[in-house]
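Peer 1: Pasting a structure here, questions to come.
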Amino acid sequence: MTKKILLIAGDGIGPEVVGQAKKIIDFFDKNTDKKFECENALLGGCAYDAVKTPFPSETLELAKKSDAILLGAVGGPKWESLDYSVRPERGLLGIRKELELFANLRPAKVFDALVDSSTLKKEVVENLDIMIVRELTGDLYFGEPRGVETLADGTRRGFNTMTYTSGEVERIAIVAFELAKKRGKKLCSIDKANVIETTEMWREVVSEIGAKKYPDIALSHMYVDNASMQLVRNPKQFDVMLTGNMFGDILSDTASMLTGSLGMLPSASLGAKINGRQHALYEPIHGSAPDIAGKNVANPIATISSLSMMFRYSFDYKKEADAIDKAIENVLNNGHRTADIATSLQNKISCTQMGDEILKEITKIL
Ligand code: NAD
C-alpha cells in the first residue's frame with residue numbers, strides 16, 4: 005500500500021535537511037516494494053510570509069490525510085518581532101494540538117564513532133542509549149488561564165497554568181511503559197511531587213498503572229532537579245524516562261548534548277488513534293539554525309533518523325528502518341562528518357554530501 009508522507013520543510017535549514025531525507029524516500033519508492041506519495045506544505049515563518057498565518061488550514065487538511073509527517077524546523081530572527089499569535093512556533097504548537105500529538109519520543113544515543121564529540125567523559129556516555137518520553141499537549145504550554153495582566157498599582161503579573169488530567173497522564177504513561185517493555189524494562193518517571201500538586205497526581209497515576217498493568221517493568225520516580233543532575237552525572241542509569249511537557253522540554257535538550265550534537269537527534273510525536281488512523285509527526289530536535297541556513301553545511305542525520313523512526317513506528321518497516329540506522333553508523337565509522345561533528349583534523353562534508361553518503365550505504369545494505 006502506498007504511504008502518504010507530508011513533507012513540511014519549514015524555515016532556515018529545514019528545506020536543506022528535509023531534502024536529504026526526500027532522496028532516501030525516493031530511493032525506496034523506486035527500488036523496493038515500499039511505495040510513497042509525498043506532498044509539501046507550509047508551516048512557520050515561510051507560511052506566514054506566504055499567507056499571513058504560521059499554520060494554514062491547507063496544511064492541517066493535508067496533515068490529516070497523510071499517514072505520517074516529516075518536518076524540518078520552523079522559526080528564525082526574521083519573525084521574532086511578530087505578534088505572539090502569528091509567530092512560527094504557534095504553527096508547530098498548533099499542529100501538535102490539532103492532531104493530538106501527545107507523545108514525544110526522543111532517543112539519545114551515542115554513536116561509537118562520535119563518543120569524543122560529547123563534552124562529557126567517554127566513560128560516562130559510551131554506549132549510551134536512552135529514550136525520553138515527553139507529554140506534548142498539556143502542562144504549562146497549553147493550560148488556561150494564561151497571560152500577562154496589569155495590576156491596579158501599574159505593575160504587571162504574568163501567569164500560566166500547569167494542568168494535567170489523570171486520563172492525559174495515563175495515556176502517556178502507557179506509551180512509556182510499552183516502550184520500556186521493548187527495551188530495558190526500566191522506566192523512570194520525572195516529577196516535582198514534593199512541591200507541585202499536579203505532579204503529585206502524575207506520580208500516583210503512573211504508579212497505579214505500573215502496579216496494575218506492567219508489574220514486570222522496574223518503575224522508579226525522580227524529582228526533576230535530581231533528574232537533570234543525574235543526566236549529566238550518570239546518564240546510563242536511565243533507559244526510558246517519562247516526563248511532562250515542560251520538564252521534558254528541558255531534560256531532552258540536556259540529554260541531546262550528551263551525544264555531542266543537536267544535528268544527530270531525531271524525534272517522533274505520536275497521536276491518539278482517530279478513526280483508525282494514528283497521526284504522527286517526525287522531526288529533528290534541532291531548530292532552524294539561522295546562523296548556518298542556506299550554506300549547505302547543516303547535518304541532515306537527525307532528519308534522516310527521524311525518517312527511520314517514521315518507517316519503524318508508523319509503517320512497521322523494520323528492515324528499511326534498520327538499513328537507514330546502519331547506513332548512518334557506517335558513514336560515521338567511515339569518517340564522514342558535517343562541520344558540527346567534525347574535529348579540526350577531519351574532512352568536513354556538506355549537507356548534500358552527507359545525504360549522498362548515507363544513500364550510498366543504504367543501497368549497499370539492501
Ligand atoms: P537551533 O537548534 O536552531 O540552533 C542551535 C545551534 O545548533 C546553532 O549554532 C545551530 O547552527 C546548531 N545546529 C542546529 N541544528 C544543526 C544541524 N542540523 N547541523 C548543524 N548544526 C546545527 O536553536 P536556536 O538557535 O535556539 O533556534 C533557532 C530558531 O529555531 C528559533 O527561531 C527557534 O525558535 C527555532 N526552533 C525551532 C524548533 C522546531 O522547529 N522544532 C526547535 C527549536 C528551535
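First residue of the sequence shown: 5, per my numbering; consecutive thereafter.
A virtual CB, placed ideally from N, CA and C, is assigned to each residue, including glycine.
Please read these numbers as outputs of a predicted model, since none were measured by experiment.
Taking the DSSP output, what are the residues bridged to ASP87?
Peer 2: Looking up residue 87 in the sequence shown gives position 83. ASP87 is not bridged to any residue.
Peer 1: Measuring only the C-alpha atoms, how far is ASN351 from GLU361?
Peer 2: Locating residue 351 in the sequence shown gives position 347, counting from the first residue. Locating residue 361 in the sequence shown gives position 357, counting from the first residue. ASN351 and GLU361: Cα-Cα distance of roughly 14 angstroms.
Peer 1: If you check the beta carbons only, do THR63 and VAL90 fall under 8 angstroms apart?
Peer 2: The residue given as residue 63 occupies position 59 in the sequence shown. The residue given as residue 90 occupies position 86 in the sequence shown. No, Cβ-Cβ distance for THR63 and VAL90 is not below 8 angstroms.
Peer 1: Which residues does DSSP list as the beta-bridge partners of GLN282?
Peer 2: Counting from 1 along the sequence shown, the entry for residue 282 is found at position 278. Per DSSP, LYS277.
Peer 1: Does DSSP put GLU139 in a helix, in a strand, or in coil?
Peer 2: Position 135 of the sequence shown, counted from the start, is the residue given in the question as residue 139. Strand, per DSSP.
Peer 1: Report yes or no: do the region 248-257 and the region 326-341 share at least 3 C-beta pairs separated by less than 8 angstroms?
Peer 2: With a cut-off of 8 angstroms, the region 326-341 and the region 248-257 do not count as touching, because too few Cβ pairs lie within range.
Peer 1: DSSP three-state call for MET245: helix, strand or coil?
Peer 2: Along the sequence shown, read from residue 1 onward, the residue named residue 245 stands at position 241. Note: MET245 maps to strand in three-state DSSP.
Peer 1: Just to confirm, does ASP320 get its C-beta within under 7 angstroms of one of the non-hydrogen atoms of the ligand NAD?
Peer 2: Translated into positions along the sequence shown, residue 320 becomes position 316. No - the ligand NAD has no heavy atom lying nearer than 7 angstroms to the Cβ of ASP320.
Peer 1: Does the Cβ of ALA302 lie closer than 7 angstroms to at least one heavy atom of the ligand NAD?
Peer 2: Position 298 of the sequence shown, counted from the start, is the residue given in the question as residue 302. Yes; taking the cut-off as 7 angstroms, the Cβ of ALA302 has a heavy atom of the ligand NAD nearer than that.
Peer 1: Could you have a look at LEU10 and say whether DSSP puts it in helix, strand or coil?
Peer 2: Position 6 of the sequence shown, counting from 1, holds the residue named residue 10. Strand, per DSSP.
Peer 1: By DSSP, does ARG237 sit in helix, in strand, or in coil?
Peer 2: Taking the first residue of the sequence shown as position 1, residue 237 is located at position 233. Helix at ARG237.
Peer 1: Determine the direct distance from the alpha carbon of GLU84 to that of SER312, and round the result to whole angstroms.
Peer 2: Here residue 312 is taken as the residue at index 308 of the sequence shown, counted from 1. Here residue 84 is taken as the residue at index 80 of the sequence shown, counted from 1. Cα-Cα distance, rounded: 32 angstroms.
Peer 1: If we count the other Cβ atoms within 10 Å of its Cβ and call it buried at 16 or more, is ARG138 buried or exposed?
Peer 2: Along the sequence shown, one-based indexing puts residue 138 at 134. Buried.
Peer 1: Tell me PHE40's beta-bridge partners as DSSP assigns them.
Peer 2: Here residue 40 corresponds to residue number 36 of the sequence shown, with the count starting at 1. PHE40 is bridged to LYS7.
Peer 1: Hey, out of LEU336, TYR321, ILE136 and ILE278, whose CA is closest to ILE305's CA?
Peer 2: Within the sequence shown, the letter at position 301 stands for residue 305. That would be LEU336, whose Cα lies nearest to the Cα of ILE305.
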